[in-house]
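There are 4 protein chains.
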Amino acid sequence: MAPESNNNRYQQQRQQAIRSAAAVFAEKGFHGASTKDIAERMGIKQGSLYYYFKSKEEALGEVCHYGIEVYVDRMQSIADSDQPFESKLMATVTSHLTSYRERNEALKVHNDERLYLPEDKRATLKKLGSNYRQQLEHIFEEGVASGVLRESLDCHFAAQAVIGMCNGWGDIIQLDIYDIIQKCTDLLLNGFRERRKETRQ
Amino acid sequence: MAPESNNNRYQQQRQQAIRSAAAVFAEKGFHGASTKDIAERMGIKQGSLYYYFKSKEEALGEVCHYGIEVYVDRMQSIADSDQPFESKLMATVTSHLTSYRERNEALKVHNDERLYLPEDKRATLKKLGSNYRQQLEHIFEEGVASGVLRESLDCHFAAQAVIGMCNGWGDIIQLDIYDIIQKCTDLLLNGFRERRKETRQ
Amino acid sequence: MAPESNNNRYQQQRQQAIRSAAAVFAEKGFHGASTKDIAERMGIKQGSLYYYFKSKEEALGEVCHYGIEVYVDRMQSIADSDQPFESKLMATVTSHLTSYRERNEALKVHNDERLYLPEDKRATLKKLGSNYRQQLEHIFEEGVASGVLRESLDCHFAAQAVIGMCNGWGDIIQLDIYDIIQKCTDLLLNGFRERRKETRQ
Amino acid sequence: MAPESNNNRYQQQRQQAIRSAAAVFAEKGFHGASTKDIAERMGIKQGSLYYYFKSKEEALGEVCHYGIEVYVDRMQSIADSDQPFESKLMATVTSHLTSYRERNEALKVHNDERLYLPEDKRATLKKLGSNYRQQLEHIFEEGVASGVLRESLDCHFAAQAVIGMCNGWGDIIQLDIYDIIQKCTDLLLNGFRERRKETRQ
DNA sequence: AATGAATGAGAGTTCATTCAT
DNA sequence: TATGAATGAACTCTCATTCAT
Numbered sequence: 001m002a003p004e005s006n007n008n009r010y011q012q013q014r015q016q017a018i019r020s021a022a023a024v025f026a027e028k029g030f031h032g033a034s035t036k037d038i039a040e041r042m043g044i045k046q047g048s049l050y051y052y053f054k055s056k057e058e059a060l061g062e063v064c065h066y067g068i069e070v071y072v073d074r075m076q077s078i079a080d081s082d083q084p085f086e087s088k089l090m091a092t093v094t095s096h097l098t099s100y101r102e103r104n105e106a107l108k109v110h111n112d113e114r115l116y117l118p119e120d121k122r123a124t125l126k127k128l129g130s131n132y133r134q135q136l137e138h139i140f141e142e143g144v145a146s147g148v149l150r151e152s153l154d155c156h157f158a159a160q161a162v163i164g165m166c167n168g169w170g171d172i173i174q175l176d177i178y179d180i181i182q183k184c185t186d187l188l189l190n191g192f193r194e195r196r197k198e199t200r201q
Numbered sequence: 001m002a003p004e005s006n007n008n009r010y011q012q013q014r015q016q017a018i019r020s021a022a023a024v025f026a027e028k029g030f031h032g033a034s035t036k037d038i039a040e041r042m043g044i045k046q047g048s049l050y051y052y053f054k055s056k057e058e059a060l061g062e063v064c065h066y067g068i069e070v071y072v073d074r075m076q077s078i079a080d081s082d083q084p085f086e087s088k089l090m091a092t093v094t095s096h097l098t099s100y101r102e103r104n105e106a107l108k109v110h111n112d113e114r115l116y117l118p119e120d121k122r123a124t125l126k127k128l129g130s131n132y133r134q135q136l137e138h139i140f141e142e143g144v145a146s147g148v149l150r151e152s153l154d155c156h157f158a159a160q161a162v163i164g165m166c167n168g169w170g171d172i173i174q175l176d177i178y179d180i181i182q183k184c185t186d187l188l189l190n191g192f193r194e195r196r197k198e199t200r201q
Numbered sequence: 001m002a003p004e005s006n007n008n009r010y011q012q013q014r015q016q017a018i019r020s021a022a023a024v025f026a027e028k029g030f031h032g033a034s035t036k037d038i039a040e041r042m043g044i045k046q047g048s049l050y051y052y053f054k055s056k057e058e059a060l061g062e063v064c065h066y067g068i069e070v071y072v073d074r075m076q077s078i079a080d081s082d083q084p085f086e087s088k089l090m091a092t093v094t095s096h097l098t099s100y101r102e103r104n105e106a107l108k109v110h111n112d113e114r115l116y117l118p119e120d121k122r123a124t125l126k127k128l129g130s131n132y133r134q135q136l137e138h139i140f141e142e143g144v145a146s147g148v149l150r151e152s153l154d155c156h157f158a159a160q161a162v163i164g165m166c167n168g169w170g171d172i173i174q175l176d177i178y179d180i181i182q183k184c185t186d187l188l189l190n191g192f193r194e195r196r197k198e199t200r201q
Numbered sequence: 001m002a003p004e005s006n007n008n009r010y011q012q013q014r015q016q017a018i019r020s021a022a023a024v025f026a027e028k029g030f031h032g033a034s035t036k037d038i039a040e041r042m043g044i045k046q047g048s049l050y051y052y053f054k055s056k057e058e059a060l061g062e063v064c065h066y067g068i069e070v071y072v073d074r075m076q077s078i079a080d081s082d083q084p085f086e087s088k089l090m091a092t093v094t095s096h097l098t099s100y101r102e103r104n105e106a107l108k109v110h111n112d113e114r115l116y117l118p119e120d121k122r123a124t125l126k127k128l129g130s131n132y133r134q135q136l137e138h139i140f141e142e143g144v145a146s147g148v149l150r151e152s153l154d155c156h157f158a159a160q161a162v163i164g165m166c167n168g169w170g171d172i173i174q175l176d177i178y179d180i181i182q183k184c185t186d187l188l189l190n191g192f193r194e195r196r197k198e199t200r201q
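Protein chains in written order, with the working numbering: chain A, 1 to 201; chain B, 1 to 201; chain C, 1 to 201; chain D, 1 to 201.
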């Protein structure tokens with residue numbers, strides 16, 4: 001039934017389906033959303049959805065994957081680049097915040113609803129996610145090594161804090177994103193305290 | 001049928017019901033949880049729940065309210081106190097993180113599931129939440145006024161960032177909470193950057 | 001939900017449900033019958049059926065069990081009795097044919113639809129069924145030992161043949177059952193019996 | 001669209017389709033089997049089945065017909081032959097049991113699933129079936145007339161008994177079929193035969 | 001001659017809710 | 001105060017069937 005090939009029409013429609021599911025799951029949550037909602041948003045009938053997914057759960061899986069993949073890929077290329085620490089940090093924040101904007105729905109679904117996935121799918125996603133956190137940790141370690149960051153920094157904590165803070169802006173999309181990026185980066189580097197003597201750099 | 005207020009036994013049982021609902025909603029989400037689940041956790045039968053709530057939605061409302069109320073109250077008393085800024089900040093972080101731990105379930109429900117509430121209930125909760133953020137903003141404003149924080153600080157941003165970062169630790173109950181409090185406060189005040197010349201404290 | 005106890009009303013209704021399911025499964029087959037059919041025959045609404053069964057499959061299991069239990073019990077008591085072989089044979093045929101009449105529907109369901117049961121339930125029923133066949137075989141062995149039947153008789157074959165022949169009358173309930181019993185017994189007896197000079201009776 | 005008859009390739013494919021349907025219906029029952037199952041077994045896609053059948057029900061009709069036709073034809077030629085009674089009986093048992101083996105699936109479907117056919121199709125099949133029974137009855141009548149069987153024999157009963165007994169062996173394909181034929185015939189013969197002084201064989 | 005895509009009806013199942021007791 | 005019983009609406013999912021290509 002479900003063609004494996006590069007059948008173009010099918011793949012396009014399936015992508016459509018994933019985006020529709022993302023939107024609906026983001027709005028109502030996995031259990032709150034019905035397959036009818038998804039199909040309607042896509043402009044097909046409920047039963048037809050099953051031509052593209054073999055279950056609602058599969059749809060959730062696809063959405064989550066779709067939501068996190070770019071997000072992770074970008075971090076990879078940031079980590080691989082050889083900018084100085086400050087640039088990498090800002091690039092990370094930017095990536096995180098703009099990914100959120102572009103694929104907002106799918107990423108939100110990944111963050112909030114992935115727990116309804118079966119164990120094995122969740123494990124796959126988890127690997128992607130840890131990957132992300134580790135890369136970020138590594139960036140911090142480099143920052144410490146290069147002397148930009150304090151010796152005593154708990155890099156694991158730092159990575160988690162960045163992620164948390166960025167996720168906190170998820171809903172508030174209507175703000176000036178570049179302003180927030182700026183301010184976040186500044187906060188992470190310098191904190192809020194009044195700077196004494198001369199300032200850095 | 002539903003006794004008016006100060007029948008004591010009734011109020012106790014109702015409180016029980018709210019806590020059970022909190023636990024179940026936190027674990028499975030609002031739509032993923034059934035009234036039977038809630039009743040069972042409470043040790044009564046499904047139908048009997050309706051003696052305490054007139055609908056599942058009402059239960060959600062109560063849980064959310066219960067989840068946020070102490071949280072807000074504490075912020076109030078922190079704001080009203082006259083400690084220096086640094087203390088207030090740490091108190092806030094502490095409050096946020098320990099509220100999360102104590103009423104973890106209800107607070108989690110508030111954060112993740114309140115969107116399923118009808119408009120009016122949601123508005124009430126939102127007011128409480130904004131209240132919280134405003135108080136926090138005000139604390140930052142005092143910090144600026146007292147010279148501890150930089151003149152240029154965007155206090156709205158700052159408040160939001162604190163909330164986001166703290167919320168990011170929600171699931172990670174098994175960590176040393178006082179360590180995290182310490183590190184969060186430090187991050188907010190000083191950032192991660194290597195400190196030059198002399199540091200304060 | 002489903003009370004275990006000797007709650008009388010519940011048990012009665014459940015029995016009703018089993019009988020309704022038997023009738024409907026017998027008429028339309030397991031897959032051809034719908035839970036709505038069953039509920040309607042019982043005079044309740046479809047959803048209410050699930051108060052008595054947790055799945056359609058469970059209903060099938062109960063019907064099959066109900067169908068075969070008396071059938072097997074009777075064979076037990078025939079085997080345990082100490083009538084001569086001829087009487088036991090006739091009693092068996094009588095039991096088989098009248099069980100079929102009384103619980104016709106449930107027994108038919110057992111014979112035709114039990115393959116849709118999950119492995120474990122089917123195993124339980126199979127044990128009951130083999131039990132039946134073995135008892136019957138044993139009766140034939142006694143017949144041989146007592147000299148009533150020919151030495152060379154394949155008792156396993158004989159038992160199977162009796163069962164097959166009796167089952168063949170399942171649909172044709174409107175006949176004179178005692179006539180058929182008579183004729184079956186006669187057919188079987190004179191086929192298996194050691195041939196003497198002149199015949200008895 | 002559907003080509004009229006003697007297009008050869010079409011007829012071959014259609015025959016294929018019938019056999020596939022037989023196999024699938026036999027395994028899962030009419031309602032338990034899907035058109036997709038049938039198509040898959042045939043190596044075509046679901047929708048293409050409708051080039052050969054205009055409905056699933058038509059497929060069932062064809063299978064049932066296919067299942068019973070040889071079965072009946074053989075009985076015809078046995079009845080028409082002029083062997084002695086004993087030979088005809090054994091031929092009948094042999095035919096019944098081996099038809100079952102050869103066309104096992106289609107015949108099984110005829111026996112178990114024909115009830116899902118619409119009234120008129122079922123009537124057609126019933127006529128074929130009665131035909132069979134009547135021919136068999138007639139053979140018994142000849143047996144009585146020729147003095148091989150007892151005067152008092154109920155030939156209708158006898159025919160039914162033979163059919164029942166033979167059908168009882170339907171599932172048990174793995175046995176030595178010639179042994180069963182032998183034993184069945186012996187059982188039947190010596191049961192029905194007029195009892196003489198000495199026995200034959 | 002065959003297929004991919006879609007459909008609509010109906011299936012089994014769950015569940016919030018009601019209510020007499 | 002609590003429950004057993006029932007309900008009806010909604011849900012996920014399956015499937016026979018159609019039809020343009």
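Ideal Cβ positions, reconstructed from N, Cα and C, are used throughout, including at glycine.
What you are looking at is a predicted structure, and each value in this text was computed from that prediction instead of being measured.
When CB distances to chain D are screened at a threshold of 7 Å, the residues of the region 19 to 44 of chain C falling below it are G29, H31 and G32, in chain order. Fewer than three Cβ pairs drawn from the region 111 to 121 of chain C and the region 82 to 97 of chain C lie within less than 8 Å of each other, which leaves the two stretches out of contact. The three-state reading of DSSP puts L149 (chain B) in strand, counting E and B together. Comparing C-alpha distances from A159 (chain D) to each of D:D179, D:G147, D:H138 and D:V148 shows the shortest one belongs to D:H138. Looking at the DSSP output, R193 (chain A) bridges to B:L149. At a cut-off of 8 Å between beta-carbon atoms, N190 (chain C) makes contact with chain D.
Look at F140 (chain B) here: in three-state DSSP terms it is helix.
Using a CB distance cut-off of 8 Å, M165 (chain A) counts as an interface residue toward chain B. In terms of Cα proximity to F157 (chain A), the closest of B:N190, B:L125 and B:L175 is B:L175.
For G147 (chain D), no chain C residue has a C-beta closer than 9 Å to its own C-beta; the minimum C-beta separation is roughly 17 Å. If you keep only unbroken beta strand (DSSP E) runs of at least 3 residues inside the region 11 to 68 of chain B, you get nothing at all. Within the region 133 to 163 of chain C, the residues whose Cβ lies closer than 7 Å to any Cβ of chain D are, in chain order, D154, F157, Q160, A161 and I163. Legend: CB atoms of the region 111 to 132 of chain C lying less than 9 Å from CB atoms of chain D belong to residues D112, E113, L115 and Y116. With a 10 Å radius around the Cβ and a threshold of 16 neighbouring Cβ atoms, T124 (chain B) comes out exposed.
At a beta-carbon threshold of 8 Å, the residues of chain D lying near G168 (chain C) are Q160, A161, I163, G164, M165, N167 and G168, ordered along the chain.
If you ignore the 5 residues before and after E105 (chain D), its C-beta comes within less than 6 Å of the C-beta of A22, A23 and A26, all in its own chain and listed in chain order.
Between the alpha carbons of Y66 (chain B) and C155 (chain B) lies a distance of about 28 Å. For V148 (chain B), the closest alpha carbon among the candidates B:I18, B:E86 and B:R19 is that of B:E86.
When the Cα atoms are used, C64 (chain D) and L107 (chain D) turn out to be separated by approximately 7 Å. Not a single CB atom of chain D sits nearer than 8 Å to the CB of L89 (chain C). The beta carbon of L187 (chain A) falls within 8 Å of a beta carbon belonging to chain B, placing the residue at that interface. Contact of E194 (chain A) with chain B by beta-carbon distance below 7 Å involves G147, V148, L149 and R150. With contacts defined by Cβ atoms closer than 8 Å, Y132 (chain A) and M42 (chain A) do not form a contacting pair. Beyond the five residues adjoining it in sequence on each side, I78 (chain C) comes within less than 7 Å, by CB distance, of K88, A91, T92 and S95 in the same chain, given in chain order.
Between K183 (chain C) and chain D, the shortest Cβ-Cβ separation is below 8 Å. Annotation for L97 (chain D): the continuous alpha helix (DSSP H) segment containing it runs F85 to E102. DSSP, read as helix, strand or coil, puts G129 (chain A) in helix.
G164 (chain D): member of the alpha helix (DSSP H) spanning C155 to N167, first to last residue. Under the 10 Å beta carbon count, R9 (chain D) is surrounded by fewer than 16 other beta carbons and is classified as exposed. Burial is judged here by how many other beta carbons sit within 10 angstroms of a residue's own beta carbon; N7 (chain D) has fewer than 16 and is exposed.
Contact between L153 (chain D) and F140 (chain D) holds: their C-beta atoms lie close to 7 Å from each other, under 8 Å.
L115 (chain A) carries a helical assignment under DSSP once its states are collapsed to helix, strand and coil.
Between G29 (chain D) and G29 (chain C) a beta carbon distance of about 6 Å is seen, short of the 8 Å cut, so the two are scored as contacting.
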